[in-house]
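In my numbering, the protein residues as written are 242 to 789.
Ideal placement from N, C-alpha and C gives every residue a C-beta, glycine not left out.
Reviewing the structure listed below.
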């Protein structure tokens, strides 16, 4: 042990195997990070090995305030190990989704912001977290309360009246063990996250565990003597920590390259097209570190496929100086590259619910020049403040009343992520998705849309499978709601969804109305979608902004 390390530290330092021995049958655990960022992999691997070899611990409740893990890295997605999961976005967990669909574990789905504030409330000793997010949606206690299968019988939320208005109350959920990853830990157990990509709810997860008499396990890459970490760099104080596991080799999983190359201190000029569009982590890293384009990268050619067309049209809902939220999936993948192509990204303040504000994002998640990394309650407080002018979300389905489904697709559970919390205080919402899914083949050409093959599944349905956004409620709250597809644009009106724009080359009856499970209102002045969207090359958005 290095000189200067106290006995107090020595008593906490342990192996991953010893740390997971703190987890008992029936415990409720919570884990830091999101996807593979800030994931305490060494501890979780030890937990997985212990269960598979010894059959214990069993019957755990996993309180997952942000999705941790990715396909191929699901160390605790086992029936028997888990009794239930409480989360908000299940896309990164295919094995977990199978357990939910098979009714082998209980599952409850709540928005990520609500989960973060719930955790914060428990950390602060409050008995309830109250919110109006989720009223008149799938998670309203009158509509199932967020339960995802027949096994899920717990009542974590209830409907209460406050000053004549309905609120959802989240009750206490005793946390027994919090597992938190950081970068550096000192001799007293103080944990710094300085080289982690995210902060998330790390402090509040640890505090919630201690509030209920639980344990806090931290994993760090490096240990230093007491006092070496500046106080302002400590996220989790040592007095909260019970066990410390060192992992000198901890890293973000290489299958998620965007997380491997995000750096809070990196400053680079906007990358050229080849770097912007390439999924190559090596090409992106070469640009970040050397400022040169990898000669092996393909020429910059983004075909005008449906998703790119949607991204271009959605971008036209932005205005100079806007503070925006760009949701995961199609918006992040397509809108962000469009803003760089048009030279307007620096005129916008972009954010994502992982806590990142500003910077260069190439749509595949590669990020640099981040202005700030906030914790999860902080970023959702920003969204709740009303500062965000517009939010852009994917959509699985929408119906005639304007309701939007992000909860499930067929038998596959997805979850709304943070979208419902974000949208609660944002007045302009833009939902993005193709009019039909599963096999659609189309392209933009010379100002028109050419459809080669229709998709097998409609997104415009008679009734959505799960209401994440209630059309009637959005209207009552004074929101402007737009639904952008590759061939048509719709607006939510007091009389329901209205068709307002159609692409050139598209037959309204055959290609739009005939591909929907309901018939929308048609605007008195039905417009043509801007033909620039369907032509290769820049659209001249920056010039328009400069002329205003």
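By the three-class DSSP mapping on this structure, what secondary structure does residue 467 have? DSSP places residue 467 in coil when its eight states are reduced to three.
Alpha helix (DSSP H) segment containing residue 283, residue limits: 282-295 is the span of the alpha helix (DSSP H), which, as asked, contains residue 283.
Beta-carbon proximity check, residue 553 vs residue 579, cutoff 8 Å: Between residue 553 and residue 579, the C-beta spacing is below 8 Å.
Residue 662 in three-state terms, based on DSSP: DSSP places residue 662 in helix when its eight states are reduced to three.
For the alpha helix (DSSP H) that contains residue 622, what are its first and last residues? Per DSSP, residue 622 belongs to the alpha helix (DSSP H) from 617-625.
For residue 644, count neighbouring Cβ atoms within 10 angstroms of its own Cβ and tell me buried if that reaches 16, exposed if not. Of the residues assessed, residue 644 falls on the buried side of the cut-off, its CB having 16 or more other CB atoms within 10 angstroms.
Just list the alpha helix (DSSP H) runs in the segment 626-704, keeping only unbroken ones of 4 residues or longer that don't cross its boundaries, in chain order. Runs of the alpha helix (DSSP H) inside the segment 626-704: 660-665.
Using DSSP bridges, identify the partner residues of residue 769. DSSP lists 743 as partners of residue 769.
Going along the chain, which residues of its own chain have a beta-carbon closer than 6 Å to the beta-carbon of residue 710, five neighbours each way excluded? Taking residue 710 as the centre and dropping the five residues before and after it, the same chain places the C-beta of 645 closer than 6 Å to its C-beta, in chain order.
Straight-line CA distance for residue 707 to residue 388? Going from the Cα of residue 707 to the Cα of residue 388 covers about 12 Å.
Going by beta-carbon coordinates alone, are residue 460 and residue 291 separated by less than 8 Å? Contact: no.
What do you reckon, are the CB atoms on residue 738 and residue 641 nearer than 8 Å? Yes, they are a contact pair.
Local conformation of residue 543 per DSSP, three classes: Here residue 543 sits in coil by DSSP.
Within 10 Å of its beta-carbon, does residue 260 have 16 or more other beta-carbons around it, so buried, or fewer, so exposed? Buried: at least 16 other Cβ atoms inside 10 Å.
Going by DSSP, which residues form a beta bridge with residue 732? Per DSSP, the beta bridge partners of residue 732 are 723 and 739.
Does residue 787 pass the burial test, meaning 16 or more other C-beta atoms within 10 Å, or should it be called exposed? Label assigned to residue 787: exposed.
Express the C-alpha separation of residue 419 and residue 323 in angstroms, rounding to a whole number. Computed Cα separation, rounded: 16 Å.
Taking Cβ to Cβ, would you say residue 397 is nearer than 8 Å to residue 371? No. Outside cutoff.
Give the DSSP-derived three-state secondary structure of residue 254 in the structure shown. Here residue 254 sits in strand by DSSP.
Quick one: is residue 558 buried, meaning 16 or more other Cβ sit within 10 Å of its Cβ, or exposed? By the neighbour-count criterion, in which a residue is buried when 16 or more other Cβ atoms sit within 10 angstroms of its Cβ, residue 558 is buried.
Can you give me the Cβ contacts of residue 279 inside the same chain, cut-off strictly under 6 Å, excluding the 5 residues immediately before and after it? Excluding positions up to five away in sequence, the list reads 273, 422, 437 and 439.
Roughly how many angstroms separate the alpha carbons of residue 779 and residue 536, rounded to a whole number? The alpha-carbon atoms of residue 779 and residue 536 are separated by roughly 24 Å.
Under three-state DSSP, which class holds residue 578? If DSSP states are grouped into helix, strand and coil, residue 578 belongs with the helices.
Output the distance between the C-alpha atoms of residue 748 and residue 647, rounded to the nearest integer angstrom. Computed Cα separation, rounded: 28 Å.
Rounded C-beta distance between residue 546 and residue 742? I'm assuming under 8 Å. Residue 546 to residue 742, Cβ: 19 Å. No contact.
C-beta contact flag for residue 725 and residue 638 at 8 Å: Between residue 725 and residue 638, the C-beta spacing is not below 8 Å.
When the Cα of residue 508 is compared with those of 595, 609, 449 and 485, which residue comes out closest? Of the candidates 595, 609, 449 and 485, 609 places its Cα closest to the Cα of residue 508.
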